């Protein structure tokens, strides 16, 4: 079974599991993969029907199945992912005014990958992203881009590097016109502009909001529209500065999943670098997380199992510190710190998360929250 | 509204640049306003009294239409800019090409031009109406009838004295000496009370341009007048006295003597005092002399025939035209005829006023009244004794004819086009620079321009003593600064100095016309330097002297357009640079 059919199968499964919301988004991804305009139009019609009949799931499933059958007959053209789209080799930059210095490591990012950029405020996340986006100069190191078409000049290169700043500019006029304007500037076939725009609106869950004005949108939807505008440019690398700021937890998860999913598009995969303070959400979807501390880079590969590290837990509980320490010492606690809200506990080598959980259960310690941060960049934040 | 939406949708997907600049809608709205302006122009002169003002083309600026057009232009441009600035593909790094950016600039120019040039449609409306209402053949006939009839409009006794006489042909090219001190009383002459006339043949002499400066015309009592041409001057001196007693019986002011052309196309802007100059100063002007001769002959023939009906016809035709043009008067054909034929021999006995007796004369008529006050005592006597209650506003008639000719002959592409062209060009350059960069660069560029002007000012003061190279040095200094501004972003590494170079970019774009004008000025200065000490006929010209100022204006304009096209890659390079 090829990747396309595998994805169609996943859509089918989601609908079978009655995960209609997730299934429908995956369905639209499959349609986008095909780049087939008649299918785009059918998917748009289906979205419109779905929005007007939110409770008629039975008929929705039937219509989805018909569309899935058609999708099976179309094979998307797969894009190459062999070369890293961006290589940043020990980028450095110093600001004389506040004596800040950025010292990047080696980064190699391929299409389909998502890199998270985390760190405390003022540690150089935005500077780093802006350097990658060709917006700021840097003092040392090397930066290399490998795009499908070699950029003809510096402006062409800038047009390929899509950077969304934390504060996006206001849109004027009709939202859809703004989206159409992007595609026409990219010289997309005029007949394809409307279906592509509506498809992106549908995919990012903006169908109900497409006829509103910019000032009528919440911050979250503004970010989604900005994302729609950006994705229409079919970037090979997308650089996002704090896209999750101002979003509620559900929106954060959805937008991250959408980004991950679109980064993995079969026809137009892209590399994504995003900065965020939402550590766990970012870690969940990132292939690699880059931590910046006072400008210095440390990375933590999500696939790496850091066996050499001691178990480190983040615990929130209402009981006193003494009682908690008494309990955890039974599980060979090495050290514990309290930042006023959350305890960070480190254990001796060889202790597992299950053993600690078992001890906590035995002592009937009431927990509000516990998380294993051994393999998380969260540990870098521990002073 | 649906069709607007459809057109917009078509434009946005097919021609995003055109959609963004809103040129289609701007042209449509401007066209409607142009149409209204055209209609205003058409209606404006339906009442011929509106044509009675002097300098009719300036009326546009004085009657409120200019104000309305200005307000409309400002409104249009402000709304346009607000709408257009809502989207900017270049600032968003969409893959725009040079042709798109250049196309935008041209569109700015066209939009600004059509939004500020309502003056044209107003003038075209006026012109269309005047051409429709006053046909060539009618006007030509009117002018003949007016020039004949005006001979009997005895308002200025000076026009009826003997020195005006051009008929018979013998008198045509004779010079009349009227200065008592220069008249040779031993030779044939004519006297009317305190006025004396002596007719002379003329001899001519040519002097070169250089000699002209040192030649003193007034040392010789025989000097009549001089005609100056570019390369030389013709000096007319009195030669021999001619005895005309066989054809002139007396020197009384008479209708027979009248030869002043009341209205002639081209002379509309001159006052009647100009006639004096015409009388003696342009005897060398064969056309004018011929005209006066023909008119005088016509009058003489008419008076000699002494046909009351024929004369009445002439007067009636004149009054008919005056009535049609709504010229203010209280004459009737019969009453006027009575005034003309008051003396059997058609001597001047009656004076027709220009205005009713109780009329408060506007300031621009003052010179006409002074003329009356400066008459010699004998003519003043005629003026006083001959005064009647009749009046005819001859100035209004003359102005009306002049206005008709001015409007008919107005060539919109001759002068004003350059004014509108440059306003549009400068404005579109400012918009273009603003759209390519940002507000901060724009403000800093303004400050930088102020400082540079100060530097140039100080430079020109400091080299004030170096003559004759001063202007050339200032021009060279300005060109040097401009070249640094223009070429620095082309050849420098902009990365890391983007803000500084944005000021260069704004200055290069907005001051490009200045640069080209200074280049032309420099070439002119070089020409001047080359020609120092050379004779007029040996002057060496390089290029500039061959062109009129309008041609130079067009050359600079196209140079600016080409410059913008060539400079776009530099603007793109700047935009793509890192901060």
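Protein chains in written order, with our numbering: chain A, 1 to 383; chain B, 1 to 579. Here a beta-carbon is modelled for each residue, glycine too, at the ideal position from N, C-alpha and C. No experiment lies behind these values; they were computed from the predicted model shown.
Look up residue i in the DSSP assignment and say whether it is helix, strand or coil.
{"i": "residue 374 of chain A", "result": "coil"}
{"i": "residue 215 of chain A", "result": "helix"}
{"i": "residue 332 of chain B", "result": "coil"}
{"i": "residue 132 of chain B", "result": "helix"}
{"i": "residue 170 of chain B", "result": "helix"}
{"i": "residue 494 of chain B", "result": "coil"}
{"i": "residue 381 of chain A", "result": "helix"}
{"i": "residue 170 of chain A", "result": "coil"}
{"i": "residue 97 of chain A", "result": "coil"}
{"i": "residue 277 of chain B", "result": "Confidence is the limiting factor: at residue 277 of chain B the pLDDT is only 39, short of 50, which leaves the residue's position unreliable, though a coordinate-based value still follows. Reduced to three states, the DSSP call for residue 277 of chain B is helix."}
{"i": "residue 561 of chain B", "result": "helix"}
{"i": "residue 254 of chain B", "result": "strand"}
{"i": "residue 407 of chain B", "result": "helix"}
{"i": "residue 45 of chain B", "result": "coil"}
{"i": "residue 1 of chain B", "result": "coil"}
{"i": "residue 10 of chain A", "result": "helix"}
{"i": "residue 247 of chain B", "result": "coil"}
Looking at residue i: is its Cβ nearer than 9 Å to the Cβ of residue j?
{"i": "residue 282 of chain A", "j": "residue 256 of chain A", "result": "yes"}
{"i": "residue 242 of chain B", "j": "residue 204 of chain B", "result": "no"}
{"i": "residue 10 of chain B", "j": "residue 186 of chain A", "result": "no"}
{"i": "residue 46 of chain A", "j": "residue 71 of chain A", "result": "no"}
{"i": "residue 153 of chain A", "j": "residue 86 of chain A", "result": "no"}
{"i": "residue 111 of chain B", "j": "residue 22 of chain B", "result": "yes"}
{"i": "residue 277 of chain A", "j": "residue 245 of chain A", "result": "yes"}
{"i": "residue 481 of chain B", "j": "residue 460 of chain B", "result": "no"}
{"i": "residue 89 of chain B", "j": "residue 263 of chain B", "result": "no"}
{"i": "residue 224 of chain A", "j": "residue 204 of chain A", "result": "yes"}
{"i": "residue 192 of chain B", "j": "residue 250 of chain B", "result": "yes"}
{"i": "residue 426 of chain B", "j": "residue 510 of chain B", "result": "yes"}
{"i": "residue 350 of chain B", "j": "residue 397 of chain B", "result": "no"}
{"i": "residue 516 of chain B", "j": "residue 563 of chain B", "result": "yes"}
{"i": "residue 288 of chain B", "j": "residue 261 of chain B", "result": "yes"}
{"i": "residue 35 of chain A", "j": "residue 77 of chain A", "result": "yes"}
{"i": "residue 100 of chain A", "j": "residue 294 of chain A", "result": "yes"}
Who pairs with residue i in a beta bridge, going by DSSP?
{"i": "residue 351 of chain B", "result": "B:387"}
{"i": "residue 140 of chain A", "result": "A:92"}
{"i": "residue 271 of chain A", "result": "A:237"}
{"i": "residue 227 of chain B", "result": "B:234"}
{"i": "residue 164 of chain A", "result": "A:240"}
{"i": "residue 108 of chain A", "result": "A:87"}
{"i": "residue 580 of chain B", "result": "There is simply no residue 580 of chain B to check, as chain B begins at 1 and stops at 579 in what is shown."}
{"i": "residue 296 of chain A", "result": "A:103 and A:293"}
{"i": "residue 312 of chain A", "result": "A:346"}
{"i": "residue 198 of chain B", "result": "B:177"}
{"i": "residue 367 of chain A", "result": "A:317"}
{"i": "residue 203 of chain B", "result": "B:237"}
{"i": "residue 336 of chain A", "result": "A:345"}
{"i": "residue 116 of chain A", "result": "A:274 and A:289"}
Flag residue i as yes when its Cβ comes closer than 8 Å to any non-hydrogen atom of the ligand MN, and as no otherwise.
{"i": "residue 387 of chain B", "result": "As far as ligands go, the structure on display features none, and thus does not contain the ligand MN."}
Since residue i and residue j are thought to touch, with beta carbons under 8 Å apart, how far apart are those beta carbons, to the nearest angstrom?
{"i": "residue 581 of chain B", "j": "residue 295 of chain B", "result": "Nothing in the structure corresponds to residue 581 of chain B, since chain B is present only between 1 and 579."}
{"i": "residue 111 of chain A", "j": "residue 270 of chain A", "result": "6 Å"}
{"i": "residue 256 of chain B", "j": "residue 300 of chain B", "result": "6 Å"}
{"i": "residue 16 of chain B", "j": "residue 181 of chain A", "result": "6 Å"}
{"i": "residue 65 of chain B", "j": "residue 40 of chain B", "result": "6 Å"}
Would you say the stretch 324-338 of chain A touches the stretch 351-369 of chain A, given that touching needs at least three Cβ pairs under 8 Å?
With a cut-off of 8 Å on Cβ pairs, the stretch 324-338 of chain A is in contact with the stretch 351-369 of chain A, counting three or more such pairs.
Closer than 8 Å is the cut-off here; do at least three beta carbon pairs connect the stretch 151-171 of chain A with the stretch 116-136 of chain A?
Touching, yes.
For the 8 Å Cβ check, are there 3 or more pairs between the stretch 58-66 of chain B and the stretch 106-125 of chain B?
The way I'd put it, the stretch 58-66 of chain B does touch the stretch 106-125 of chain B; three or more beta-carbon pairs between them come closer than 8 Å.
With 7 Å as the C-beta to C-beta threshold (strictly closer), list the residues of the stretch 186-212 of chain A near chain E in chain order.
The chain inventory of the structure shown lacks chain E, comprising the protein chains A and B.
Is there contact between the stretch 433-446 of chain B and the stretch 497-511 of chain B, where contact requires at least three CB pairs shorter than 8 Å?
Enough Cβ pairs lie closer than 8 Å, so yes.
The stretch 128-135 of chain B contacting the stretch 401-410 of chain B, beta-carbon criterion three pairs below 8 Å
Contact holds: three or more Cβ-Cβ distances are below 8 Å.
Given 8 Å, three or more beta-carbon pairs between the stretch 173-188 of chain B and the stretch 226-243 of chain B
Remark: three or more beta-carbon pairs, one from each stretch, lie closer than 8 Å, so the stretch 173-188 of chain B and the stretch 226-243 of chain B are flagged as touching.
Inspect the CB distances between the stretch 237-252 of chain A and the stretch 203-217 of chain A and report whether three or more fall short of 8 Å.
No: the two stretches stay apart, fewer than three of their Cβ pairs being nearer than 8 Å.
Just checking, does the stretch 382-395 of chain B make contact with the stretch 333-351 of chain B on the three C-beta pairs under 8 Å criterion?
The answer is yes - the stretch 333-351 of chain B touches the stretch 382-395 of chain B, with three or more Cβ pairs under 8 Å.
Meets three-Cβ-pair contact criterion under 8 Å: the stretch 131-146 of chain A and the stretch 77-93 of chain A
Contact holds: three or more Cβ-Cβ distances are below 8 Å.
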